[in-house]
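Enquirer: Quick note, the sequence shown lines up with residues 1 to 146 if you use full-length UniProt numbering. Here a beta-carbon is modelled for each residue, glycine too, at the ideal position from N, C-alpha and C.
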Amino acid sequence: MVYVAKLGGHRQAKAPSRLGGRMPLHATAIGKALLAHAPDEVRAQVLSGPLTRLAPRTITAPRVLEQQLDKILKEGVAFEFEESAVGIVCVGAPIVDGSDAVVAAVSVTGPATRFHPRQHAASVRVAAAGIAATLARRAALMAPDD
């Protein structure tokens, strides 16, 4: 997964992600949101390969990750609790295109000491839906006239 945009707040958390940087799908909320909606063969490949530990709480058990991915599909939101770095928590949601294919994801990250991801899940889902609606409008405007 590659980060294509990042916005920081005035009290920004020191997250390991960076613009243009890559992070493993299994260790971030945004990655898990994408992986949950990935084609079966991609999901199977990640679950069958080694799940690299980035921090003490990184999920490295395929069965645990698979259960989380199933829950993400049901709830429409993914969480990370100090899995990519100690002290960092996150909530993320998938962004769909006009054909309901997941094409990106959006997340909010903060320090574990003052940010509570579950309290922001609905807002992140709404943001993802808003971005999806904007993408759909732009696609409609750019579509050739028949």
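(1) On a Cα-Cα basis, can you pick out the residue from ALA139, GLY130, ALA33 and LEU135 that is closest to ILE72?
(2) Rounded to the nearest angstrom, how far is the Cβ of GLY87 from that of ALA112, given a contact under 8 Å?
(3) What residue does the alpha helix (DSSP H) around VAL64 start on, and which one ends it?
(4) Mind checking PRO50: buried by the 16 CB within 10 Å criterion, or exposed?
(5) Between the Cα of ALA78 and those of ALA139, ARG137 and ALA128, spot the shortest distance and give me the residue it belongs to.
(6) I'd like to know whether the C-beta atoms of VAL89 and PRO117 end up nearer to each other than 7 Å.
(7) May I ask you to verify whether the segment 90-97 touches the segment 129-140, counting CB pairs closer than 8 Å and requiring at least 3?
(8) Just reading off the alpha helix (DSSP H) that VAL46 is part of, what are its end residues?
Expert: Looking at the coordinates:
(1) ALA33
(2) 5 Å
(3) 62-75
(4) exposed
(5) ALA128
(6) yes
(7) yes
(8) 40-48
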